[in-house]
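Input: a single structure, listed below in structure tokens.
Number of protein chains: 2
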Amino acid sequence: MAYRALLKPLRPGTRVASLWGARALSERKFKPEKVAVVTKTTRYEFELQRYRYAGLSEDDLKQLLAMKGSSYSGLLERHNVHTVHVEHIVDSLQREGIQVRVLRRREYDEEAVRWADAIVSAGGDGTMLLVASKVFDKDKPVLGVNTDPERSEGHLCLPVCYTHAFPEALRKLRKGEFRWQWRDRLRLHLEGTGINPTPVDLHEQQLSLAEHNQAHRISTEAQRRREDGAVSCPYLLPVRGLNEVFIGESLSSRSLHHRGKPLKPHLTLSLHRASYYEISIDDGPWEKQKSSGLSVCTGTGSKAWSYNINKLFEETVKDVLTIGQTQAGLDVPLTQEFVETVTKEYNESLMFGPEENRLFFSIREPIVNRVYSTSRQRGFASRVCVRSRCWDACMVVDGGMSFEFNDGAIATISLNEEDQLRTILLKD
Amino acid sequence: MAYRALLKPLRPGTRVASLWGARALSERKFKPEKVAVVTKTTRYEFELQRYRYAGLSEDDLKQLLAMKGSSYSGLLERHNVHTVHVEHIVDSLQREGIQVRVLRRREYDEEAVRWADAIVSAGGDGTMLLVASKVFDKDKPVLGVNTDPERSEGHLCLPVCYTHAFPEALRKLRKGEFRWQWRDRLRLHLEGTGINPTPVDLHEQQLSLAEHNQAHRISTEAQRRREDGAVSCPYLLPVRGLNEVFIGESLSSRSLHHRGKPLKPHLTLSLHRASYYEISIDDGPWEKQKSSGLSVCTGTGSKAWSYNINKLFEETVKDVLTIGQTQAGLDVPLTQEFVETVTKEYNESLMFGPEENRLFFSIREPIVNRVYSTSRQRGFASRVCVRSRCWDACMVVDGGMSFEFNDGAIATISLNEEDQLRTILLKD
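In order, the protein sequences belong to chains F and E. Add 1321 to the 1-based position in the first sequence for the working numbering, that's all there is to it. Add 1321 to the 1-based position in the second sequence for the working numbering, that's all there is to it.
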């Protein structure tokens, strides 16, 4: 309880620290024996893999990139910067007598999470999201180090000074000169017809035959339900959203296969197709909507994609203020500075803290006409229910896991204290 | 010249009517002998095809839709409304002694365009875009009739009254009680490495083997160019954008096949991946940008997707005005009415006429950080050049044609009077 009182003035609804939280205060030391370090795949590695796959050599890659105006040496440089930082992290941990396992994206799994006392993400925010995606235990601390501070924002990572001075971070952690930050995460329930609780991992870049066959599930599932007379119960998905859940029409790339032969591959593009769905906020009335999609984010996520969806630019703010004052018959000098101040204040109001126990929804590019309306384009809530009316939509969690979300499926997005992610707040 | 003088005050740059235009004024009668009527595919037809393809009967479809909470009878009703309106159009034309060919989406081709003296689009705005996509002749008039006025906006179609009274429209056209409207369209030049001028038709919902093989073009093309030492010249694409061109990272669903076996299908989602590119407006300096994509639209298109990207909601306008007046120390009563007025004026400023000879670009959800900046989030121009820095992006023209636009490709978007589409302006 005392620990939370140390925070800035709380928004209503912020949870009082649990007994466990209070105990952690007195035990606020970080002395893991075993640490898993999960590293990102650099663009250099990705391009190499991609072209090697197409049968090109590293020399070919160099030439190809040069022709495109890209810089092979630039990619290699960023790759080296990352690698040096990873080595620094690993050395620093080993010097403390800590057992270290270095894992690439594909090697990181639930077994590694169980083995480790703590997990370090060595990359950018994307790598932190990956690391978080396999942690379901509130006791397991996750620590992010930004291995390319010049290029990566690193909102979820430690302050940039620790990238080059990781031993200093470890020293503070050892001495308790930090605080735990339990970041809210979203949980998802799915119900209704035609749901498919098996996600597609968007970073895997691969579809297994099983996933291809899931495309058949519509007819199979429907068949089965009709036979069973089954009523579907809400199914809790085995994922937690650290940043956000985004729902929208997707590019459907499902190649239907029958006995190994492709039937009729579908290709439809999400860029232009509107998403149709119904939405209910905090158990309020259902509203039919048509838009470019819906984002539901945590406080952590309010600085990420949601922020980019909602932020305003100075030119827009200036135009609004200009029209406003003309309409009001005023003549306030709209200086660059004034416009900047108003813009900044507006944009800051879009962000909130990672521990406030509330979620934020925003509808992207709502389409308003005779059939569809939007009473609120965005707002805070505790619970958001969405019923898909889409042809081929999905729910994307933290930009990494994609679940089918087609006509008839109902998703409930909410928060639960159990789902919090334990991270570290270190001062600069 | 006189004809254009009849228009509202012109923006600078509006073209003076060509000699052809002036001549058309005196010949302003519409007496085609042969008319092609292109009809849309209703959702009912689509669902039927889709489920029939998966082996389900119409009864199965009924049950499946019911389980999803969708209405089979609703879909059928809209289908019937459309069909009745198509029959009305065809009857009306035939009664005038006009030869009519009714064509479905897949049957509509360049031969039909050559055969017809005029083309009627029987559907919504999507069908109009399809019809326009195969017309490259300024002399060929295109006319849109909204066959489902209750559900379809029909910005590109005749006023809704003519849907039920098409003979009245034909009467006015016969008597010259209308004016021609030549709508500006965008043209695209592509150059650079790894370009692929063969588009994917997004409405076709099918990938041929040839298109699958195009996925291999990176290595093949690169190989060939290295061997040829070829310098790529700008290639004029055989499409014209009536609404807009949208550039962004896409879902890459290209299944690589080798001797009929799938190699490694790629699946990456556009919903979350930022688009990287460089942009130059009116031959100005190149600017590196990261965003959710870039839209370049015509006056016609300024009421479509571009409008939805840029429009503001009252809650946003109210927040900006509230912050603005607090900062300025004012106390203007921000009534609902006042906020509505300001919002409306702002949103109307986003739209412009179809004949103004200028294009409008907007950057969707720009990401601003240490590396990327956006000097202008949107504005008017005559010419926009974009250089792709994307991993897997495309250029989508009117939501229907998609061109690969990967790292190194350069697109130039501009206007040319030759590309205008001849449509009809009928009063209510």
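Beta carbons are placed, not taken as given, at the ideal position from N, Cα and C, and that holds for glycine.
is_contact[residue i, chain F] using C-beta, thresh 8 Å
{"i": "Leu1642(E)", "result": "yes"}
{"i": "Gly1445(E)", "result": "no"}
{"i": "Phe1351(E)", "result": "no"}
{"i": "Asn1401(E)", "result": "no"}
{"i": "Ala1490(E)", "result": "no"}
{"i": "Glu1636(E)", "result": "yes"}
{"i": "Ser1378(E)", "result": "no"}
{"i": "Gly1645(E)", "result": "yes"}
{"i": "Phe1659(E)", "result": "yes"}
{"i": "Val1653(E)", "result": "yes"}
{"i": "Ile1299(E)", "result": "No answer is possible for residue 1299(E): it lies beyond the span of chain E, which begins at 1322 and ends at 1749."}
Buried or exposed (CB count within 10 angstroms, at least 16 for buried), residue i
{"i": "Val1705(F)", "result": "buried"}
{"i": "Gln1657(E)", "result": "exposed"}
{"i": "Lys1639(E)", "result": "buried"}
{"i": "Tyr1598(E)", "result": "buried"}
{"i": "Cys1618(F)", "result": "buried"}
{"i": "Pro1520(E)", "result": "buried"}
{"i": "Gln1698(F)", "result": "buried"}
{"i": "Tyr1556(F)", "result": "exposed"}
{"i": "Gly1605(F)", "result": "exposed"}
{"i": "Ser1683(F)", "result": "buried"}
{"i": "Ala1490(F)", "result": "buried"}
{"i": "Ala1625(E)", "result": "buried"}
{"i": "Ala1732(E)", "result": "buried"}
{"i": "Leu1382(E)", "result": "buried"}
{"i": "Glu1725(E)", "result": "buried"}
Whole-number beta carbon distance between residue j and residue i, since they are thought to touch under 8 Å
{"i": "Phe1701(F)", "j": "Ser1623(F)", "result": "About 10 Å; that fails the 8 Å criterion."}
{"i": "Cys1715(E)", "j": "Ser1723(E)", "result": "5 Å"}
{"i": "Ile1410(F)", "j": "Ala1443(F)", "result": "6 Å"}
{"i": "Leu1511(F)", "j": "Pro1518(F)", "result": "6 Å"}
{"i": "Trp1501(E)", "j": "Arg1349(E)", "result": "7 Å"}
{"i": "Gly1729(F)", "j": "Ser1709(F)", "result": "7 Å"}
{"i": "Lys1611(E)", "j": "Ile1688(E)", "result": "4 Å"}
{"i": "Val1718(E)", "j": "Ile1568(E)", "result": "Contact doesn't hold; Cβ gap of about 10 Å is too wide."}
{"i": "Ala1649(F)", "j": "Val1423(E)", "result": "That pair is no contact at about 56 Å."}
{"i": "Leu1397(E)", "j": "Tyr1374(E)", "result": "About 19 Å separates the two Cβ atoms, so there is no contact after all."}
{"i": "Thr1484(F)", "j": "His1403(F)", "result": "Their Cβ separation, rounded to whole angstroms, is 10 Å, which puts Thr1484(F) and His1403(F) out of contact at 8 Å."}
{"i": "Leu1464(F)", "j": "Val1441(F)", "result": "5 Å"}
{"i": "Arg1750(E)", "j": "Asp1469(E)", "result": "Summary: the structure shown does not reach residue 1750(E), with chain E confined to residues 1322 through 1749, and so no result is reported for it."}
{"i": "Thr1677(F)", "j": "Trp1503(F)", "result": "For the sequence presented, residue 1677(F) should be read as Glu rather than Thr. Not a contact, Cβ separation roughly 11 Å."}
Bridge-paired residues (DSSP) for residue i
{"i": "Thr1360(E)", "result": "Arg1425(E), Ala1443(E)"}
{"i": "Gly1562(F)", "result": "Leu1507(F)"}
{"i": "Glu1761(F)", "result": "The shown model of chain F, from 1322 to 1749, leaves out residue 1761(F), and the question about it has no answer."}
{"i": "Cys1618(F)", "result": "Glu1565(F), Phe1681(F)"}
{"i": "Ile1688(F)", "result": "Partner(s): none; Ile1688(F) has no beta bridge."}
{"i": "Glu1512(F)", "result": "Ile1731(F)"}
{"i": "Tyr1556(E)", "result": "Leu1511(E)"}
{"i": "Ala1702(E)", "result": "Leu1680(E)"}
Test: residue i CB closer than 8 Å to a CB of chain E
{"i": "Phe1681(F)", "result": "no"}
{"i": "Tyr1667(F)", "result": "yes"}
{"i": "Thr1744(F)", "result": "no"}
{"i": "Glu1398(F)", "result": "no"}
{"i": "Gly1550(F)", "result": "With a pLDDT of 44 at Gly1550(F), under the threshold of 50, the predicted position of this residue should be treated as unreliable, though the coordinate-derived value follows. False, the Cβ-Cβ gap to chain E never drops below 8 Å."}
{"i": "Glu1750(F)", "result": "There is no way to answer for residue 1750(F), as the model of chain F reaches only from 1322 to 1749."}
{"i": "Gly1418(F)", "result": "no"}
{"i": "Thr1291(F)", "result": "Any question about residue 1291(F) goes unanswered here, given that chain F covers just 1322 to 1749."}
{"i": "Ala1649(F)", "result": "yes"}
{"i": "Arg1697(F)", "result": "yes"}
{"i": "Ile1630(F)", "result": "yes"}
{"i": "Ile1688(F)", "result": "yes"}
**Q.** Cβ pair count under 8 Å reaching 3, the region 1555-1566 of chain F against the region 1453-1461 of chain F
**A.** yes
Q. How about the region 1730-1746 of chain F and the region 1458-1466 of chain F: do they share at least three Cβ pairs that are nearer than 8 Å?
A. Verdict: yes, contact present.
Q: Could you tell me whether the region 1441-1451 of chain E touches the region 1467-1478 of chain E, where touching means 3 or more Cβ pairs closer than 8 Å?
A: Flag = yes, the region 1441-1451 of chain E and the region 1467-1478 of chain E touch.
Q) Below 8 Å, can you find three or more Cβ-Cβ pairs linking the region 1623-1633 of chain E to the region 1729-1740 of chain E? A) no
Q. So, do the region 1396-1416 of chain F and the region 1349-1358 of chain F have three or more beta carbon pairs nearer to each other than 8 Å?
A. Contact between the region 1396-1416 of chain F and the region 1349-1358 of chain F is established, with three or more Cβ pairs separated by less than 8 Å.
Q: Assess, as a yes-or-no matter, whether the region 1640-1653 of chain F is touched by the region 1658-1672 of chain E under the definition of 3 or more beta carbon pairs within less than 8 Å.
A: yes
Q) Do the region 1430-1439 of chain E and the region 1368-1388 of chain E touch if we need at least three Cβ pairs shorter than 8 Å? A) no
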